[in-house]
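Number of protein chains: 2
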Amino acid sequence: MTATPFPVGEIVAARRPHRKDAARNYDALLDAAREAFAEHGADASLEDIARRAGVGIGTLYRNFPTRRDLFESVYADDVNALCRAAVELADREPWEALTAWLNRFSGYMVTKRAVREALDGESDIFQSCRDSMFAAGGPLLERAQRAGAARTDMDFGDLVRMVAGITATAFEDDAQRDRVLAIALDGVRTPR
Amino acid sequence: MTATPFPVGEIVAARRPHRKDAARNYDALLDAAREAFAEHGADASLEDIARRAGVGIGTLYRNFPTRRDLFESVYADDVNALCRAAVELADREPWEALTAWLNRFSGYMVTKRAVREALDGESDIFQSCRDSMFAAGGPLLERAQRAGAARTDMDFGDLVRMVAGITATAFEDDAQRDRVLAIALDGVRTPR
DNA sequence: CTGGAACCGGAGGGGTACCTCCGCTACAGT
DNA sequence: ACTGTAGCGGAGGTACCCCTCCGGTTCCAG
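Quick mapping for you: the protein sequence lines, in order, are chains A and B. So in this note's numbering, the last spot in the first sequence is 192, and the numbers never skip. So in this note's numbering, the last spot in the second sequence is 384, and the numbers never skip.
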């Protein structure tokens, strides 16, 4: 509530360069990093990321002086997309809108074990991202609560953590993940 | 169901040595490893573990030829304790016995991020641990289901993963974790 | 007490990752 | 086209980690 919906992109330190070749490298690095972080977690090798991007290690360090700069840039994009999705769901039924968004959130988290690791730590940028997500998704829960569809003795923070936790775990297959998530959401739905 | 309850301890390859100094080192290594794995996850530095134990790196490798030997030895104990707890809960009410065990399981998982990482991978020993836990905890769920306290469209694997996921996530405080876990378990309780 | 088996520590070789630095490249404004 | 400069790549120094190997030490059975 204290945060505007989408400030995250502006906060990130690293800026896309103006020159054509530089911009191309910047994008390639971001893509490679997204892939590497998804695969190896938040401490993926930077040299490997540069290799994947087909770029010298020096170029990586020029664009993203610290590992954190790189990670934050990747993360901020994803969060923005999630925030935008919340807005687009505003016209659905309260409960359906909430679960639809949570499912999207879930789908996002499945691959991003790095994000979950980062969620644990304290960091300015991650605080901002959390704020943005809360500002975007919180109203969906509140709407469902006002409509009597969701229990009122929990807040959005509880809900996000529940879904994030379940989602980040290894399941036998996607069907099991969906089944378990649905069961947990039944607990959210029923007031008692 | 296919596994006997507590074979895990026997499976582990590394054996405690007979000589007094050797046994002391073995214990120190196990303690140090438990600490290091909890702190840095499953790929903690072996040299660091030897240092913590006040022991040469050679001694570590003699007792635990591979990182996996060490890791498995540390966690087989924990799983056994969990299995034993399930048996001791047999005389409580079905639903209460189930939640009591799950809470204990949860308390165990909070610190052990390494276990969660390992749970994702494929491994003989972790398969054995899973089997043991299923054999120990599964009946608790089945009993609750027969008593009409738990929904029947889920199995113990679903339940364990739900609790493990929620539990392994970072919460603001323990109270929030308990609150969220209780909400999710409400979903398990209500048939609809 | 004593001999030898069991055990110890850590040096060292090979590997990988981090990050800096600087000579070269290619873009963009005129 | 020309030129100044922003941007490029990667060699190389440092640090850490893995794992092996062996000369020295400690235990304990007889």
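Even glycine gets a Cβ: it sits at the ideal position worked out from N, Cα and C.
Quick one: which chain A residues come within Cβ less than 9 Å of residue i?
i               : result
V271 of chain B : Simply none; closest approach about 17 Å.
G299 of chain B : In chain order: nothing, as chain A lies at least about 15 Å away.
V380 of chain B : I183, A184, D186 and G187
R325 of chain B : A small correction: the amino acid at residue 325 of chain B is Met; Arg does not occupy that position in the sequence shown. Within chain A, no residue comes near M325 of chain B; the closest Cβ sits about 15 Å away, beyond 9 Å.
R353 of chain B : I166, T169, A170, F171, E172, Q176, R177 and V180
If you run the structure through DSSP and keep just helix, strand and coil, what is residue i?
i               : result
A3 of chain A   : Low confidence applies here, because A3 of chain A scores a pLDDT of 43, under 50, leaving its location unreliable and the question unanswered by this model.
A362 of chain B : coil
D240 of chain B : helix
D261 of chain B : helix
I203 of chain B : Note that I203 of chain B scores 47 on pLDDT, short of 50, meaning its location in the model is unreliable; the coordinates nonetheless yield the value given after this. If DSSP states are grouped into helix, strand and coil, I203 of chain B belongs with the helices.
L89 of chain A  : coil
P17 of chain A  : coil
T303 of chain B : helix
S132 of chain A : helix
T382 of chain B : coil
V79 of chain A  : helix
F156 of chain A : helix
F64 of chain A  : coil
R151 of chain A : coil
G329 of chain B : helix
A225 of chain B : helix
S298 of chain B : helix
A42 of chain A  : coil
G54 of chain A  : coil
I183 of chain A : helix
Assuming residue i contacts residue j (C-beta within less than 8 Å), just tell me the rounded distance between them.
i               : j               : result
V355 of chain B : L373 of chain B : 7 Å
A23 of chain A  : W95 of chain A  : Actually they are not in contact, since the Cβ atoms of A23 of chain A and W95 of chain A sit about 43 Å apart, beyond 8 Å.
Q176 of chain A : D350 of chain B : 6 Å
V74 of chain A  : R34 of chain A  : 5 Å
R16 of chain A  : A36 of chain A  : Contact flag wrong, Cβ pair sits at about 19 Å.
R179 of chain A : M325 of chain B : Contact flag wrong, Cβ pair sits at about 20 Å.
Which chain A residues are close to residue i, counting only those with a beta carbon under 8 Å from its beta carbon?
i               : result
A242 of chain B : Ordered by position in chain A, no residue passes the 8 Å Cβ test against A242 of chain B, which lies about 22 Å from the chain.
R156 of chain B : No answer is possible for residue 156 of chain B: it lies beyond the span of chain B, which begins at 193 and ends at 384.
Check whether the Cβ atoms of residue i and residue j sit closer than 7 Å, and answer yes or no.
i               : j               : result
G330 of chain B : F318 of chain B : no
A44 of chain A  : L60 of chain A  : no
A376 of chain B : G187 of chain A : yes
C83 of chain A  : A38 of chain A  : no
T190 of chain A : T382 of chain B : yes
Quick one: list the residues of chain B neighbouring residue i, beta-carbon separation under 8 Å, in chain order.
i               : result
A168 of chain A : G357, A360 and T361
D158 of chain A : Q368, R371, V372 and I375
How would you list, in chain order, the residues of chain A whose beta-carbon sits under 7 Å from the beta-carbon of residue i?
i               : result
V266 of chain B : Residues of chain A passing the Cβ test: none, with the nearest at roughly 20 Å.
Give a yes or no on contact between the region 24-32 of chain A and the region 61-72 of chain A, applying the rule of three or more CB pairs nearer than 8 Å. yes
Take every Cβ of the region 294-309 of chain B, pair it with every Cβ of the region 341-359 of chain B, and state whether three or more of those distances are shorter than 8 Å. yes
Report yes or no: do the region 107-116 of chain A and the region 74-82 of chain A share at least 3 C-beta pairs separated by less than 8 Å? yes
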